[in-house]
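Read the structure below first, then the notes.
Residue numbers (our numbering): 307 to 416.
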C-alpha cells in the first residue's frame with residue numbers, strides 16, 4: 307500500500323516492510339526537500355548524498371563552489387546506488403546523523 311507523502315515525487319515500484327519508509331511505513335516527511343548525488347551506499351540502509359551550491363564572496367564580487375554531504379536513510383524499496391541522482395526529504399531524527407530519507411531516485415533536472 308502506497309500512501310501520499312505530500313511531495314510531487316514518483317513512488318517506487320517495489321514494496322517494502324521498512325517502518326522508516328515514507329511510502330510504505332510510518333515515517334512522515336516535513337521541511338526541506340533537496341536534490342543530490344549519491345556518493346556512498348556501502349551500508350544497507352544509509353546513503354551519503356552530496357550537493358553543490360554557490361557561495362558569494364564579497365571581497366572578490368564572485369561565487370565559489372561549495373559542497374555538503376548529507377546522511378540519509380535509504381529504504382529497501384528505493385535502494386539508491388552510487389552515482390544516482392536522488393531526491394531527499396527532511397524527517398524526524400533517525401539516528402545521530404540521519405534526519406533525511408531518500409524519497410525518489412533518477413531525478414531529471416529541468
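Think of the CB as a built atom: it goes at the ideal place given N, C-alpha and C, for glycine as much as any other residue.
Asked	Found
Cβ pair count under 8 angstroms reaching 3, the region 363–372 against the region 313–320	no
Minimum C-alpha distance to residue 406 - residue among 337, 389 and 323	337
Residues near residue 390 in its chain [Cβ-Cβ closer than 6 angstroms; skip 5 each side]	344 and 411
Backbone secondary structure at residue 356 - three-state DSSP	strand
Chain-order list of residues whose beta-carbon lies under 7 angstroms from that of residue 386 (same chain, five-residue window excluded)	344, 347, 353, 380, 392, 408 and 411
Anticipated Cβ contact below 8 angstroms, residue 377 with residue 403, distance rounded	5 angstroms
Cutoff 8 angstroms; reference residue 358; Cβ partners in own chain excluding five residues on either side	371, 372 and 373
Residues that DSSP places opposite residue 320 in a beta bridge	Paired residue(s): none; residue 320 is not in a bridge.
6 angstroms Cβ shell around residue 363 - same chain, five flanking residues per side excluded	370
For residue 314, the three-state DSSP class (helix, strand or coil)	coil
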